[in-house]
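Heads up: the structure comes next, in structure tokens.
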Amino acid sequence: MAKSYDANNVFARILRGEIPCKKVHETEHALAFHDIEPQTPTHVLVIPKGAYIDMDDFTARASEAEIAGLFRAVGEVARMVGADGPGYRILSNCGEAAHQEVPHLHIHLFAGRDLGRMIGTA
Numbered sequence: 001m002a003k004s005y006d007a008n009n010v011f012a013r014i015l016r017g018e019i020p021c022k023k024v025h026e027t028e029h030a031l032a033f034h035d036i037e038p039q040t041p042t043h044v045l046v047i048p049k050g051a052y053i054d055m056d057d058f059t060a061r062a063s064e065a066e067i068a069g070l071f072r073a074v075g076e077v078a079r080m081v082g083a084d085g086p087g088y089r090i091l092s093n094c095g096e097a098a099h100q101e102v103p104h105l106h107i108h109l110f111a112g113r114d115l116g117r118m119i120g121t122a
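At position 12 of the sequence shown (counting the first as 1) the number is 12 in UniProt numbering, and the numbers step up by one without a gap.
Here it is, written out as structure tokens:
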């Protein structure tokens with residue numbers, strides 16, 4: 001089933017400047033900002049500036065420059081917030097079964113404490 005991008009999702013509105021964010025970093029292809037409901041002491045979201053629903057959509061349609069730019073931004077943000085030494089986790093939910101809440105690709109960067117197991121037992 002083809003998915004369509006919702007241009008009024010909260011991240012699209014942040015990118016247009018309609019909703020403020022606590023910006024951490026910005027590049028030609030990505031924007032990083034603090035999550036408004038942090039799950040760890042450091043919780044930053046890194047999003048592409050293009051209109052991509054999820055990782056599946058992004059990897060199918062984004063240019064090589066956009067893909068490299070987004071992932072480079074994730075590493076830059078990790079270093080900027082001091083997470084590269086002690087360690088961090090990145091996560092991107094893709095689709096309903098993964099509980100993706102906003103239909104714009106976003107990568108969570110979690111850090112600032114021991115993050116435990118990757119996924120708890122069912």
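By construction, the Cβ of each residue, glycine as well, lies at the ideal position given by its N, Cα and C atoms.
Ends of the alpha helix (DSSP H) at L15?
10-15
Boundaries of the alpha helix (DSSP H) in which F72 is found, first to last residue
First, the amino acid is wrong: residue 72 is Arg here, not Phe. Segment 64-80, the alpha helix (DSSP H) holding R72.
What does a CB cutoff of less than 7 Å around E66 pick up in its chain, not counting 5 residues either side in sequence?
H29, P48, G50
Indicate the three-state DSSP secondary structure (helix, strand or coil) for E18 in the structure shown.
coil
Output needed for Q100: all residues of its chain with C-beta closer than 7 Å, excluding positions within five of it in sequence on either side, in chain order.
D54, N93, C94
E26 (DSSP reduced to helix, strand or coil):
strand
If you draw a straight line from the alpha carbon of V96 to that of M80, how long is it in whole angstroms?
Before going further, note that residue 96 is Glu rather than Val in the sequence given. If you take the alpha carbons of E96 and M80, they lie about 32 Å apart.
So, at 7 Å on beta carbons, what are the nonlocal neighbours of G69 in its own chain, with the 5 sequence-adjacent residues on each side left out?
T27, E28, H29, A30
With C-beta atoms as the reference, is H43 less than 7 Å away from D35?
yes
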